[in-house]
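Peer 1: Encoded as structure tokens, here's the structure I'll be asking about.
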Amino acid sequence: MARTKPRVLLVTDLAYQARGRRYCDEDIQLSARLREDFDVALCHPLDAAALLDSFDVVLVRNSGPVLDYRAEYERFRDQALERGARVYTQLTGRADMAGKQYLLDLTAAGYPVIPTVDRAEDLSRLPVVPEYVVKPKLGADSIGLRIVPRQQLAAVPYHEDVLVQPLIPFTYEVSFYFVDDAFQYALHAPDPEQRWRLEPYEPTAADLEFARRFIAWNTVEHGIQRVDACRTPEGELLLVELEDLNPYLSLDLVDDFTRDRFVAALKASLHTLASRP
3 MARTKPRVLL VTDLAYQARG RRYCDEDIQL SARLREDFDV ALCHPLDAAA
53 LLDSFDVVLV RNSGPVLDYR AEYERFRDQA LERGARVYTQ LTGRADMAGK
103 QYLLDLTAAG YPVIPTVDRA EDLSRLPVVP EYVVKPKLGA DSIGLRIVPR
153 QQLAAVPYHE DVLVQPLIPF TYEVSFYFVD DAFQYALHAP DPEQRWRLEP
203 YEPTAADLEF ARRFIAWNTV EHGIQRVDAC RTPEGELLLV ELEDLNPYLS
253 LDLVDDFTRD RFVAALKASL HTLASRP
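Under our numbering, think of the first position of the sequence shown as 3, with each following residue one higher.
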């Protein structure tokens, strides 16, 4: 029988236990919607490299923190780039898929981001606050993150590739979701203590201008990106994270119209990618 649909390999870890979220539910529901347009197969991230050649597009979704399988992920990246595989999100992303170095780069470039340093001699560049956040450059999902009082900053093991940021007060966190460079929806956490208790958020023109600066900086042509920010008591938005590898989408928290629009945009983007030589 002739094949009429593009083949999509959806990379996901259905068994991964995320705090406050059910990754598996989102990918099961999303894969069901994608089957309307594609032949879809799901695989664990450890199996993705071996299956690259059998699919038109590899869609990396809720695959869990790469820290758990760093060597295997690097092998997948190397093979995908060598073979010219169509990977979604595009592997040339400069944000989370490449580690946390981008927080240093954006700080140095003057972008509205939580100030970040990785050397003891640069601590004077940070605001003076009672406590600081220390996290690994290759961290994810808050793994390895800890809070350090100012008087203990001298004991931080900078040689272990860690980042230091001021622990700043904020009124809420907000996330902006994009397919390619097109904004789809926003969600926010009104309670700073409940990061994943999200509600729909109607962004202002200034909010979208803020988020689009980082999307433009990342120069990703095809993929899903999530811009996470916090609102300071003064009303300023500061970037917390630019997730361009496998951002959780919280699709269960948006209305049917928004979800359908997102899925339609994703399908259109995957079709465009699959048709490229």
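The beta-carbon is built from N, C-alpha and C at its ideal position, and this holds for glycine as well. None of the values given here were measured: they were computed from a predicted structure.
Quick one: complete beta strand (DSSP E) runs, 3+ long, within the stretch 93-175?
Peer 2: 133-138, 148-151 and 164-168
Peer 1: Where P47 and V13 are concerned, what is the direct C-alpha to C-alpha distance, given to the nearest angstrom?
Peer 2: Counted from its first residue, the sequence shown places residue 47 at position 45. Counted from its first residue, the sequence shown places residue 13 at position 11. Answer to the nearest angstrom: the Cα atoms are 6 Å apart.
Peer 1: So Q186 is in the alpha helix (DSSP H); what residue range does that whole segment cover?
Peer 2: For the purposes of this step, residue 186 is identified with residue 184 of the sequence shown, where counting begins at 1. Element bounds for Q186: not the alpha helix (DSSP H) but the beta strand (DSSP E), A184 to A191.
Peer 1: Counting pairs of Cβ atoms below 8 Å between the stretch 239-246 and the stretch 211-230, do you hit three or more?
Peer 2: yes
Peer 1: So for V256, helix, strand or coil by DSSP?
Peer 2: On the sequence shown, position 254 is the one that residue 256 refers to. DSSP places V256 in coil when its eight states are reduced to three.
Peer 1: Using alpha carbons as the reference points, say which of Q196, E195 and H190 lies closest to E204.
Peer 2: By 1-based counting over the sequence shown, the position of residue 204 is 202. Looking at the Cα atoms, H190 is the closest of the given residues.
Peer 1: Within 10 angstroms of the Cβ of I149, are there 16 or more other Cβ atoms? Answer buried if so, exposed if not.
Peer 2: Here residue 149 corresponds to residue number 147 of the sequence shown, with the count starting at 1. With fewer than 16 other Cβ atoms within 10 Å, it is exposed.
Peer 1: Tell me whether A213 is buried or exposed, calling it buried when 16 or more other Cβ atoms sit within 10 Å of its Cβ.
Peer 2: Your numbering for residue 213 matches position 211 in the sequence shown. Answer is buried; the Cβ neighbour count reaches 16.
Peer 1: Sort P235, A52 and V62 by Cα distance to F172 and report the nearest one.
Peer 2: Stepping through the sequence shown from its first residue, residue 172 is reached at position 170. Of P235, A52 and V62, the residue nearest in Cα terms is P235.
Peer 1: Look at the alpha carbon of F264 and the alpha carbon of D41, and state the distance between them as a whole number of angstroms.
Peer 2: Here residue 264 refers to the residue found at position 262 of the sequence shown. Here residue 41 refers to the residue found at position 39 of the sequence shown. Rounded to whole angstroms, F264 to D41 spans 19 Å at the Cα level.
Peer 1: Taking 8 Å as the cut-off, does the stretch 149-166 touch the stretch 116-124 (at least 3 CB pairs, one atom from each stretch)?
Peer 2: yes
Peer 1: Residues in its own chain within less than 8 Å of Q186 by CB, not counting five upstream and five downstream?
Peer 2: Numbered from its first residue, the sequence shown carries residue 186 at position 184. Within the same chain, Q186 has close Cβ partners Y179, F180, T260, R263, F264 and A267.
Peer 1: With DSSP collapsed to three states, give me the class of S65.
Peer 2: If you number the sequence shown from 1, residue 65 lands on position 63. The answer is coil: DSSP assigns S65 none of H, G, I, E or B.
Peer 1: Relative to the alpha-carbon of E201, which residue among A208, Y90 and D193 has its alpha-carbon at the smallest distance?
Peer 2: Taking the sequence shown and counting its residues from 1, the one referred to as residue 201 is at position 199. Nearest option by C-alpha distance: D193.
Peer 1: DSSP beta-bridge partners for Y75?
Peer 2: Here residue 75 refers to the residue found at position 73 of the sequence shown. DSSP, once it has assigned bridges, lists no residue as partnering Y75.
Peer 1: Between L106, A208 and S271, which has its C-alpha nearest G237's C-alpha?
Peer 2: Counting from one through the sequence shown, the residue named residue 237 turns up at place 235. Closest option to G237, Cα to Cα, is A208.
Peer 1: The alpha helix (DSSP H) that contains S213, what's its start and end?
Peer 2: Working through the sequence shown from its first residue, we reach residue 213 at position 211. Reading off the sequence, residue 213 comes out as Ala, not Ser. First-last of the alpha helix (DSSP H) with A213: A207 to N220.
Peer 1: Report all residues from its chain with a CB closer than 7 Å to the CB of L210; omit the five preceding and five following residues, and keep chain order.
Peer 2: Position 208 of the sequence shown, counted from the first residue, corresponds to residue 210. F185, listed in sequence order.
Peer 1: Check for me: the alpha helix (DSSP H) holding Q31 runs from which residue to which?
Peer 2: The residue labelled residue 31 in the question sits at position 29 within the sequence shown. First-last of the alpha helix (DSSP H) with Q31: Y25 to L36.
Peer 1: Which same chain residues, not among the five before or five after I116, have their C-beta less than 6 Å away from its C-beta?
Peer 2: Counting from 1 along the sequence shown, the entry for residue 116 is found at position 114. The residues are Q167 and L240.
Peer 1: Give every residue of the same chain whose Cβ lies closer than 7 Å to the Cβ of Q92, excluding the five residues on either side of it in the sequence, and list them in chain order.
Peer 2: Within the sequence shown, numbered from 1, the residue matching residue 92 stands at position 90. For Q92, where only same-chain residues beyond five positions count, the Cβ hits under 7 Å are V222, E223, H224 and G225.
Peer 1: Based on Cα-Cα distance, which residue from T109, L69 and A50 lies nearest to A82?
Peer 2: Here residue 82 corresponds to residue number 80 of the sequence shown, with the count starting at 1. Checking every option, the nearest Cα to that of A82 belongs to A50.
Peer 1: Just to check, is the beta-carbon of A184 closer than 7 Å to a non-hydrogen atom of the ligand PLP?
Peer 2: Annotation note on the ligand PLP: not contained in the displayed structure, which lists no ligands.
Peer 1: Please list, in chain order, all residues of the same chain as D29 whose beta carbon is under 6 Å from its beta carbon, the five residues on each side excluded.
Peer 2: As a position in the sequence shown, residue 29 is number 27, starting the count at 1. Cβ within range, chain order: T14, R63 and N64.
Peer 1: L69 to Q31, Cα distance in whole Å?
Peer 2: Here residue 69 refers to the residue found at position 67 of the sequence shown. Here residue 31 refers to the residue found at position 29 of the sequence shown. Here the C-alpha atom of L69 lies approximately 26 Å from the C-alpha atom of Q31.
Peer 1: Which partner residues does D230 have in the DSSP bridge list?
Peer 2: Counting from 1 along the sequence shown, the entry for residue 230 is found at position 228. S177 and E243.
Peer 1: Among I170, L16, Y25 and A270, which one has its Cα closest to the Cα of L253?
Peer 2: By one-based count along the sequence shown, residue 253 stands at place 251. For L253, the nearest C-alpha among the options comes from Y25.
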